[in-house]
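A short write-up of the structure that comes next.
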Amino acid sequence: MSEGLNAWQLIASGDATLISIVRLSLTITLAAVAVAAVVGLPLGALLALTRFPGRSALVVLVNGFMGLPPVVVGLTVYLLLSRSGPLGAFGLLFTPAAMVIAQALLVLPIIAALTRQTIEDLWREYRDELTAMGVGPPGRVATLLWDSRFSLITAMLAGFGRAAAEVGTVMIVGGNIEGFTRTMTTTIALETSKGDLPLAMGLGAILIGLILAINAAAWGLRVWSEQRVA
Amino acid sequence: MIAEMELPVLNRRLFTAIVVILTFLASSGASASAQEQSIVVASTTSTRDSGLFDHILPLFTTRTGIEVRVVAQGTGQALDAGRRGDADVVFVHAREQEEKFVEQGFGVKRFDVMYNDFVLIGPKGDPAGIKGSPDIALALTSIQRKKAAFVSRGDKSGTHIAELGLWKAAGVDIAAVREPWYKEIGQGMGAALNTASAMDAYVLSDRATWLAFKNRGELEIVVEGDKRLFNQYGVILVNPARHPSVKAEPGQRFIDWLISPEGQQAIGEYNIDGQQLFFPNAEQKRS
Numbered sequence: 001m002s003e004g005l006n007a008w009q010l011i012a013s014g015d016a017t018l019i020s021i022v023r024l025s026l027t028i029t030l031a032a033v034a035v036a037a038v039v040g041l042p043l044g045a046l047l048a049l050t051r052f053p054g055r056s057a058l059v060v061l062v063n064g065f066m067g068l069p070p071v072v073v074g075l076t077v078y079l080l081l082s083r084s085g086p087l088g089a090f091g092l093l094f095t096p097a098a099m100v101i102a103q104a105l106l107v108l109p110i111i112a113a114l115t116r117q118t119i120e121d122l123w124r125e126y127r128d129e130l131t132a133m134g135v136g137p138p139g140r141v142a143t144l145l146w147d148s149r150f151s152l153i154t155a156m157l158a159g160f161g162r163a164a165a166e167v168g169t170v171m172i173v174g175g176n177i178e179g180f181t182r183t184m185t186t187t188i189a190l191e192t193s194k195g196d197l198p199l200a201m202g203l204g205a206i207l208i209g210l211i212l213a214i215n216a217a218a219w220g221l222r223v224w225s226e227q228r229v230a
Numbered sequence: 001m002i003a004e005m006e007l008p009v010l011n012r013r014l015f016t017a018i019v020v021i022l023t024f025l026a027s028s029g030a031s032a033s034a035q036e037q038s039i040v041v042a043s044t045t046s047t048r049d050s051g052l053f054d055h056i057l058p059l060f061t062t063r064t065g066i067e068v069r070v071v072a073q074g075t076g077q078a079l080d081a082g083r084r085g086d087a088d089v090v091f092v093h094a095r096e097q098e099e100k101f102v103e104q105g106f107g108v109k110r111f112d113v114m115y116n117d118f119v120l121i122g123p124k125g126d127p128a129g130i131k132g133s134p135d136i137a138l139a140l141t142s143i144q145r146k147k148a149a150f151v152s153r154g155d156k157s158g159t160h161i162a163e164l165g166l167w168k169a170a171g172v173d174i175a176a177v178r179e180p181w182y183k184e185i186g187q188g189m190g191a192a193l194n195t196a197s198a199m200d201a202y203v204l205s206d207r208a209t210w211l212a213f214k215n216r217g218e219l220e221i222v223v224e225g226d227k228r229l230f231n232q233y234g235v236i237l238v239n240p241a242r243h244p245s246v247k248a249e250p251g252q253r254f255i256d257w258l259i260s261p262e263g264q265q266a267i268g269e270y271n272i273d274g275q276q277l278f279f280p281n282a283e284q285k286r287s
C-alpha cells in the first residue's frame with residue numbers, strides 16, 4: 001500500500017491495491033458462505049426433520065460449533081493442508097482456496113444451526129398439511145427451505161458477518177501474501193503491526209462499510225421479493 | 001402457503017448455485033496451476049515490515065518472470081514452514097538455527113545475504129539511565145537492576161533469540177525472571193514496538209523495522225553500535241530430496257539473484273529517508 005496516504009485518499013484515488021484486496025476479501029467470503037450454505041442448509045433441514053439416536057448430541061454439537069475458535073480452525077486446516085499433512089499433495093496451503101475452506105468450516109455450523117431452528121419451527125406449522133398431501137422427505141425439505149428462505153438469508157448473513165470479520169484463520173492458512181492472499185482484515189493487522197494506526201483504522205472503517213452495504217443489499221432483496229410474493 | 005409449483009424453481013436455483021460454486025472452485029484451481037512460476041518464501045516480519053521486499057521483489061520478478069510469494073513470520077515459524085515443506089525458500093536471521101536446519105537435511109545450503117543491526121529502543125525519560133551507552137550488556141543489567149519495563153518478543157523469532165543471547169551476555173538468567181517488568185508478548189516486531197510505545201518500555205528491535213515504524217510515541221534509540229548487536233540474514237533452499245513439492249529450480253534462481261551483484265546492489269540501495277537499512281554481504285563467487 002502506498003506510503004503516506006490515509007485510507008480516504010486511497011478510496012478517492014481508486015487505489016489498485018486496495019481494490020484488489022477488497023475484491024479478494026469479498027470473493028473468498030462469499031465463496032465460503034456459498035459452500036457452507038450448500039452443505040449447511042440441507043444438513044440443518046435434515047437435523048430438523050429426522051429423528052435418530054444421538055440426534056440431540058449432534059444438535060448440541062452443531063450449536064456449540066457456532067463458537068468455534070477461528071485460530072483453532074485455522075491451525076487444523078493448516079495441518080491438514082500442509083505439505084506434510086494428509087491433504088498436502090493438493091498444494092493448497094497459502095492459497096485463496098485454503099482460505100475458502102477454512103472460512104466455510106467456520107460458517108457451516110452457523111448456517112446449519114440456524115437452519116435447523118428455522119425449519120423445526122416451520123415444520124410444526126406445516127406438518128399436518130404436508131403429511132396429508134403425501135409429500136415425501138425430499139419434497140418436505142425443499143418446501144420448508146423455500147418457504148423459510150427469508151429467515152435463511154439472515155442465517156447466511158450471520159455466516160457472512162463471521163467470515164468477513166475474521167482474521168485468525170485466513171492469516172494462518174493464507175499467509176497474508178501480498179497481492180495473492182492478503183485480505184482486508186489481514187491488511188488491517190499488518191498496518192497495525194507497522195504502527196500505521198490511522199491507515200489501519202481507515203481500512204477498518206471501509207470494511208465495516210462493506211459489511212453494512214452487503215446487509216443493506218440483502219435487506220433490499222428481501223423487501224423486494226416479499227412484495228412480489230404478496 | 002405451500003405451493004408445489006415453486007419447487008422446480010427452487011431446484012433450478014439450487015442447481016444454478018451449485019454450478020456457479022463448482023465453476024468458481026475449478027477456475028481458482030486452474031489459475032493456481034497456471035502460475036507455475038511462483039515460489040513461496042518464508043521470511044521474517046523485519047524484511048517485510050521494513051519495506052525491503054516491496055523494493056527488491058519487483059526487480060527480481062521483472063528479470064525472471066518468477067512471482068515471489070512472501071509469508072512473513074518469525075524466524076522460528078519460518079524455519080518450521082520449511083521443515084514441513086510449506087515453503088520453497090527460507091530467508092531468516094538466526095545463524096545457529098539456520099545451520100542446524102541445513103545439518104538436519106531440511107535445507108540444501110545456507111548463504112549469507114545481508115546484515116543490519118539491532119538497536120535497543122527505550123522511552124525518552126530513560127528510567128534505567130542507559131542512553132548512549134556503548135555496552136549493550138551493561139545497559140541490560142541496568143534495566144534489570146532498576147526493574148524498568150522491558151517488552152520481549154517471546155516468539156522464537158530471530159530477534160527474540162538475539163535478545164536472549166544478549167541477556168546471557170549480561171549475566172542475567174532471564175528465563176528465571178518472573179517479574180512484571182519483563183513482559184513476554186509472543187508477537188511480531190511491530191506488535192512489540194506498539195506495546196513498548198504504549199507502556200514506555202524498553203524493547204530490542206532490528207533497525208530496519210524501527211526506521212519504518214510509525215507509531216513511535218515517546219520511544220527513541222537508546223543503545224546502538226555494540227558489535228554484539230550485529231544481525232546477519234541468511235537464505236536457504238528447502239531440500240527437494242525431503243519435500244519433492246519444493247520448486248527447486250526457481251527457488252535456487254531467487255537465491256542466486258539475491259547473492260548476485262545485481263541483487264546485492266538492490267538490497268544496498270534500499271533506504272528510508274536516505275538511511276540505508278540492510279548491508280549486503282554475500283560472498284561473491286569468483287568466476
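Listed in order, the protein sequences are those of chains Y and Z. Residues in the first sequence are numbered from 1 upward in steps of one, following full-length UniProt numbering. Residues in the second sequence are numbered from 1 upward in steps of one, following full-length UniProt numbering. For glycine and all other residues, C-beta sits at the position ideal for the given N, C-alpha and C. None of these values were measured; they are calculated from a predicted model.
Where residue i falls: helix, strand or coil (DSSP)
{"i": "Z/E283", "result": "coil"}
{"i": "Z/F60", "result": "helix"}
{"i": "Z/A42", "result": "strand"}
{"i": "Z/F53", "result": "helix"}
{"i": "Z/A32", "result": "Residue placement at Z/A32 is poorly supported in this model, since its pLDDT is 47, which falls under 50; the coordinates still yield a value, given next. Three-state result, Z/A32: helix."}
{"i": "Z/Q187", "result": "coil"}
{"i": "Z/N215", "result": "coil"}
{"i": "Y/V33", "result": "helix"}
{"i": "Z/I66", "result": "coil"}
{"i": "residue 302 of chain Z", "result": "Since the first residue shown for chain Z is 1 and the last is 287, residue 302 of chain Z is missing from the structure and cannot be characterised."}
{"i": "Y/Q227", "result": "helix"}
{"i": "Y/Q9", "result": "helix"}
{"i": "Z/Q37", "result": "coil"}
{"i": "Z/G76", "result": "helix"}
Residue-level contact to chain Y via CB, residue i, 8 Å cutoff
{"i": "Z/G274", "result": "no"}
{"i": "Z/V40", "result": "yes"}
{"i": "Z/G76", "result": "no"}
{"i": "Z/S245", "result": "yes"}
{"i": "Z/V90", "result": "no"}
{"i": "Z/L277", "result": "no"}
{"i": "Z/D206", "result": "no"}
{"i": "Z/K214", "result": "yes"}
{"i": "Z/G225", "result": "no"}
{"i": "Z/V71", "result": "yes"}
{"i": "Z/N271", "result": "no"}
{"i": "Z/R95", "result": "no"}
{"i": "Z/R63", "result": "no"}
Proximity below 8 Å, CB of residue i to CB of residue j
{"i": "Y/V33", "j": "Y/F150", "result": "no"}
{"i": "Z/V246", "j": "Z/G85", "result": "yes"}
{"i": "Y/L108", "j": "Y/A36", "result": "yes"}
{"i": "Y/G54", "j": "Y/I119", "result": "no"}
{"i": "Z/I130", "j": "Z/R228", "result": "no"}
{"i": "Z/R153", "j": "Z/Q97", "result": "no"}
{"i": "Z/N267", "j": "Z/W210", "result": "The sequence shown places Ile at residue 267 of chain Z, rather than the Asn named in the question. Contact: no."}
{"i": "Z/A87", "j": "Z/A42", "result": "yes"}
{"i": "Z/G82", "j": "Z/G105", "result": "no"}
{"i": "Z/G190", "j": "Y/K194", "result": "yes"}
{"i": "Z/M114", "j": "Z/P280", "result": "yes"}
CB contact below 8 Å: residue i versus chain Z
{"i": "Y/E120", "result": "no"}
{"i": "Y/G91", "result": "yes"}
{"i": "Y/D196", "result": "yes"}
{"i": "Y/G175", "result": "yes"}
{"i": "Y/F94", "result": "yes"}
{"i": "Y/S82", "result": "yes"}
{"i": "Y/E178", "result": "yes"}
{"i": "Y/I193", "result": "Checking the displayed sequence, the identity of residue 193 of chain Y turns out to be Ser instead of Ile. Yes - at least one Cβ of chain Z is within 8 Å of the one on Y/S193."}
Nearest candidate by alpha-carbon position, reference residue i, set the options
{"i": "Y/L30", "options": "Y/I214, Y/R222 and Y/R228", "result": "Y/I214"}
{"i": "Y/L49", "options": "Y/S225, Y/A132 and Y/Y126", "result": "Y/Y126"}
{"i": "Y/A97", "options": "Y/A112, Y/G85, Y/Y78 and Y/L10", "result": "Y/Y78"}
{"i": "Y/A165", "options": "Y/P137, Y/G174 and Y/L207", "result": "Y/L207"}
{"i": "Y/P69", "options": "Y/Q103, Y/L41 and Y/A45", "result": "Y/Q103"}
{"i": "Z/L166", "options": "Z/V223, Z/T64 and Z/V68", "result": "Z/V223"}
{"i": "Z/I185", "options": "Z/E269, Z/Q144 and Z/H160", "result": "Z/H160"}
{"i": "Y/I188", "options": "Y/S13, Y/V22, Y/G220 and Y/G14", "result": "Y/V22"}
{"i": "Y/L75", "options": "Y/W123, Y/M201, Y/I177 and Y/V167", "result": "Y/V167"}
{"i": "Z/S50", "options": "Z/R207, Z/D226 and Z/R253", "result": "Z/R207"}
Residue i beta carbon near the ligand MG (any heavy atom closer than 7 Å)
{"i": "Y/W224", "result": "Because no ligand of any kind appears in the structure shown, any question about the ligand MG cannot be addressed here."}
- Entirely within the region 63 to 116 of chain Y and at least 4 residues each: give me those alpha helix (DSSP H) ranges in chain order. 70 to 81
- Whole alpha helix (DSSP H) elements within the region 127 to 214 of chain Y, 4-residue minimum: 137 to 147, 149 to 164, 168 to 174 and 184 to 193
- Query: Curious, which full-length beta strand (DSSP E) runs of at least 3 residues does the region 83 to 115 of chain Z contain?
  - Reply: 89 to 92
- At which residue ranges does the region 241 to 278 of chain Z contain complete alpha helix (DSSP H) runs of 4 or more residues, listed in the order of the chain? 248 to 259 and 261 to 269
- Residue ranges of each alpha helix (DSSP H) within the region 126 to 209 of chain Z, 4 or longer: 136 to 146, 158 to 169 and 189 to 199
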